[in-house]
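First the structure, in the form of structure tokens, and then the observations on it.
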Amino acid sequence: MAQIFPRWTNQTPKLITLGALGGLVATVFAVYWWASPYHTDVGYAPRQPVAYSHALHAGELKMDCRYCHVTVEQGAMAGVPPTQTCMNCHAQVKKGSEKLKPIYDSWNDGNGTTSVEWVRIHKLPDYAYFNHSAHMGFGVGDKRAAIGCETCHGRIDTMEVVRQVQPLSMSWCIECHSDPALNIRPVANITTMGWSADLGWREKQKEIAASINPPGSLSQAQRYVDGHYKTYATASCSGCHR
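Be aware that the sequence shown starts at 1147, since it is given in the numbering used here, and climbs by one per residue.
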């Protein structure tokens, strides 16, 4: 009796299994990549109600970030400047410019009741607690230091349109918390764009990094003490998830 199926069909179960495994791997990779903040968030640059140029204000005019973001050193949020802050200059500079109409409409000679609806760019999930002030100054005495604005926000002073340059993901945060030395700088240089450490400060960075225990620091999660590994609360989930 002639065979109904050719001999190669004996390999069908193996081929189906390999195909299914290959498809599973491809699906996992696709979800990992396309749903990753590196793909979904990095590069996000929404259109703002006013075409505010950080390249002009922070770059060419050398305005300090804290002039507009006044709560960044004392609070959890950096803060968005009120219309009054804009009008400190634009009551005289570029007065009546059509590009600044939302600002003038909001101000209305000091009697405005509508805020300029700036579009937020950098945002962590609601279940993740981030405090700007904790990064703007930490440590004591000669080990007092900070994390610069550009570490997370990039070279703002070169951006006509602000965009997100870091993923702000959990793994990205933990990477820094586990080895923060390269991102540590003097408090006086918090807002300095393009800052780099000299040889003396690089040694200082290592000393300061060894003296702090940031929440989520994997390098501080377990220590070998008296012949045993001990887990420390500084690396607990509650540091960022409260």
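All C-beta atoms in this analysis are idealised placements derived from N, C-alpha and C, irrespective of residue type, glycine included.
Positions of the alpha helix (DSSP H) runs, each at least 4 residues long and wholly inside the region 1283–1357, are given as 1295–1299, 1316–1324 and 1345–1357 in order along the chain.
DSSP, reduced to helix, strand and coil, places residue 1369 within a strand of the structure shown. In the structure shown, the three-state DSSP call for residue 1374 is strand. Counting C-beta atoms within 10 angstroms of its own C-beta, residue 1363 has 16 or more neighbours from the protein chains shown and is therefore classed as buried. A straight line joining the alpha-carbon of residue 1163 with that of residue 1173 spans about 15 Å. With at least 16 other beta carbons inside 10 angstroms of its own, residue 1250 counts as buried.
A straight-line Cα-Cα distance of about 23 Å links residue 1351 and residue 1314. A Cβ-Cβ separation of about 30 Å leaves residue 1360 out of contact with residue 1265 under the 8 Å criterion. Boundaries for residue 1269: no alpha helix (DSSP H) harbours it, and the DSSP string shows neither H nor E there.
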